[in-house]
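Trainee: Read in order, the letters of the sequence shown correspond to residues -14 to 71 in my numbering.
Backbone N, C-alpha and C define an ideal beta-carbon position, used for all residues, glycine too.
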Amino acid sequence: MLRGLSGVLAGGVVVLALGLVVVAWFAGRSGVPGPGAGDLTAHLAAAAAAVVGQVIADRRGDRTGTLAALGVVGIAALVVGLGWFL
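1) Short of 7 Å in beta carbon distance, which residues of its chain neighbour alanine 74, apart from the five on each side in sequence? Order them along the chain.
2) Under 8 Å between the Cβ atoms of leucine 73 and valine 40?
3) For the alpha helix (DSSP H) that alanine 0 lies in, which residues bound it at each end?
4) Does the distance from the CB of alanine 9 to the CB of leucine 25 come in under 8 Å?
5) Use the C-beta contact count for glycine 16: other C-beta atoms within 10 angstroms, 16 or more gives buried, fewer gives exposed.
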């Protein structure tokens, strides 16, 4: 169950990062302020870390996999908490 939850959250972090890239692209084309480079970098790095963590969680059935899944949940919580609510 934890690995399924972390997989959904990893996918959500990737979708958020890609959505932010699209918004930044549209903002740049239309000349309006958009998300900054720091926001883009942080979201893309978090998405990459979440995917790597989920791959480890899926391939390892031991304690390492469980810790990786918990790491993905933590990454998603940080992205949503810091990137979208603060």
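Mentor: Taking the coordinates as given:
1) The structure shown has nothing for residue 74, since the chain only spans -14 to 71.
2) The question about residue 73 has no answer here: the residues shown for the chain are numbered -14 through 71.
3) Position 15 of the sequence shown, counting from 1, holds the residue named residue 0. As written in the sequence, residue 0 is valine, which differs from the alanine given in the question. It spans -13 to 15 - the alpha helix (DSSP H) in which valine 0 sits, taken as one unbroken run.
4) The residue labelled residue 9 in the question sits at position 24 within the sequence shown. The residue labelled residue 25 in the question sits at position 40 within the sequence shown. For the pair alanine 9 and leucine 25, the CB atoms are nearer than the 8 Å cut-off.
5) Taking the sequence shown and counting its residues from 1, one reaches residue 16 at position 31. Glycine 16 is exposed by the Cβ-count criterion.
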